[in-house]
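Peer 1:
In our numbering, the protein residues as written are 50 to 174.
1. Taking only the alpha-carbon atoms, compute the straight-line gap between residue 126 and residue 67 and give it to the nearest angstrom.
2. Answer with buried or exposed for residue 94, where buried requires no fewer than 16 other C-beta atoms within 10 angstroms of its C-beta.
3. At the level of alpha carbons, what is the spacing between residue 105 and residue 124?
4. DSSP state of residue 137, grouped into three classes?
5. For residue 75 and residue 110, I'd like the C-alpha separation in whole angstroms.
6. With DSSP collapsed to three states, give me the class of residue 89.
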């Protein structure tokens, strides 16, 4: 007798949900949660300390502050989660795709330049 499929035996790669899609959904859930909390802290309670703490959390989670500002001031009610999610999806689609940035290092900084190495000296002075 075999065990029925459950979350314990389910293999995520079979569901068609990629790691990137999961990360995007998780980031959207965080953005929506923080937006709703910021709406409450800023617009309902006028709590400056709570608002500052939430903005610090946005920065700590490396969320785009423009994304949160767009959700705050798009004119939607914070209690309508689906409308906020649709607005967030529209904002994401409107953003230019991020091109991978090239890393830099000392080797890349000196490309095309004549490298000048210090002369070896026996005198320590």
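Note that CB positions come from ideal geometry on N, CA and C, so glycine has one too.
Treat the numbers as computed from the prediction; the structure is a model and nothing was measured.
Peer 2: According to the structure data:
1. 31 Å
2. When all chains shown are included, residue 94 counts as exposed.
3. 23 Å
4. helix
5. 11 Å
6. Here residue 89 sits in helix by DSSP.
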